[in-house]
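Enquirer: Just dropping this structure here.
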Amino acid sequence: MGPDSTPSTDETQNAPIAVCEQNIDWRETERGTQFSFRRKQLGAAAGGRDIGCSLYEVPPGKRPWPTHYHEGNEEAVYVLAGSGTLHTREGASNLALEPGAYVALPAGADYVRQVENDGDEPLRYLAISTMNHPDVTVYPDSDKVGVFCGAAPGGDKSERTFHDYFPRDATVGYWDGEPTEGEPTGEE
1 MGPDSTPSTD ETQNAPIAVC EQNIDWRETE RGTQFSFRRK QLGAAAGGRD
51 IGCSLYEVPP GKRPWPTHYH EGNEEAVYVL AGSGTLHTRE GASNLALEPG
101 AYVALPAGAD YVRQVENDGD EPLRYLAIST MNHPDVTVYP DSDKVGVFCG
151 AAPGGDKSER TFHDYFPRDA TVGYWDGEPT EGEPTGEE
């Protein structure tokens, strides 16, 4: 293909896409008096599949999400501006968030987290994550779990085949509700 040629559809379908955050609209979320943030999903806008990246802006005195951890996805936080605290699991030190700070948050209960802007200016950071599904997100403060199938948390909701939240104690036996009358009751 020469320099004056127009690329074919096949050639452009899998080409990288550069996005500029100034050209992406903020999506704003506010819940009660404690939670508020603005978000730009950079990874999705650039056509990312396996790695998500969002720009977050959290106002002073607010938190973007409840305390949680993921069983199937790793996340990371890179602070661009402002200051705050990354609250961690009981028995571990909370971490100061300031410009240039990078925190890796692997999957699992040892990496429970919650970001809080306890500074005077908006806290701006990049949240980077793997986009694995299915994923289970655990919320220890409210003792619930979220289940995500078909698209990871933060992924395209229209692709989700199942997504809901449940109390952690909402358990039933494997065979409960199944048509097992007159059959052996052994565990399998």
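Residues 1 to 188, numbered by full-length UniProt numbering, are exactly what the sequence shown covers, in order. Ideal placement from N, C-alpha and C gives every residue a C-beta, glycine not left out. In this text, all values refer to a predicted model and were calculated from it rather than measured experimentally.
1) For VAL19 and SER83, I'd like the C-alpha separation in whole angstroms.
2) Between PRO179 and the rest of its own chain, which residues show a CB-CB distance below 6 Å, the 5 nearest in sequence each way excluded?
3) Under a Cβ-count criterion, where at least 16 other Cβ atoms within 10 Å of its own Cβ denotes burial, should THR88 be classed as buried or exposed?
4) From VAL136 to VAL147, what does the alpha carbon distance come to, in whole angstroms?
5) Looking only at its own chain, which residues have a Cβ that is under 6 Å from the Cβ of PHE162, when we skip the five neighbours before and after it?
6) Which of the three DSSP states, helix, strand or coil, is assigned to ALA45?
7) Run through the DSSP bridge pairs and tell me what LEU123 is partnered with.
8) Rounded to a whole number of angstroms, what is the C-alpha to C-alpha distance between GLN22 and GLN41?
9) Taking the straight line between their C-alpha atoms, what separation do you get for ILE17 and GLY52?
10) How is GLY2 classed by DSSP in three states: helix, strand or coil?
11) Closest to ALA44 by C-alpha separation, out of PRO66, GLU181, GLU30, THR130, would be which residue?
12) Taking DSSP's pairing of strands, which residues face CYS149 in a bridge?
13) With 16 other CB atoms within 10 Å as the buried threshold, where does LYS157 fall?
14) Just to confirm the assignment, what range does the beta strand (DSSP E) spanning GLU75 have?
15) Kindly examine the ligand SAM and report whether one of its heavy atoms sits closer than 6 Å to the Cβ of PHE148.
16) Taking the beta carbon of PRO106 as the centre, do at least 16 other beta carbons fall within 10 Å, making it buried, or is it exposed?
Expert: According to the data block:
1) Distance between the alpha carbons of VAL19 and SER83 is about 26 Å.
2) Taking C-beta separations shorter than 6 Å and ignoring five residues to either side along the sequence, PRO179 has no partners in its chain.
3) Around the beta-carbon of THR88, 16 or more other beta-carbon atoms lie within 10 Å, marking it buried.
4) Their backbone Cα atoms lie some 5 Å apart in a straight line.
5) The residues CYS149, in chain order, have a CB closer than 6 Å to that of PHE162 in the same chain once the five nearest residues on each side in sequence are set aside.
6) DSSP, reduced to helix, strand and coil, places ALA45 within a helical segment of the structure shown.
7) Looking at the DSSP assignment, LEU123 forms a beta bridge with VAL58.
8) A straight line joining the alpha-carbon of GLN22 with that of GLN41 spans about 12 Å.
9) One C-alpha to the other measures close to 14 Å.
10) Because GLY2 sits at a pLDDT of 46, beneath the cut-off of 50, its placement in the model cannot be relied upon, and the following sentence gives the value as read from the coordinates. If DSSP states are grouped into helix, strand and coil, GLY2 belongs with coil.
11) Closest by alpha carbon: THR130.
12) CYS149 pairs with PHE162.
13) That one is exposed.
14) Run containing GLU75: 75-81, per the beta strand (DSSP E) assignment.
15) Of the ligands one can find in the structure shown there are none, so the ligand SAM has no counterpart to examine.
16) With fewer than 16 other Cβ atoms within 10 Å, it is exposed.
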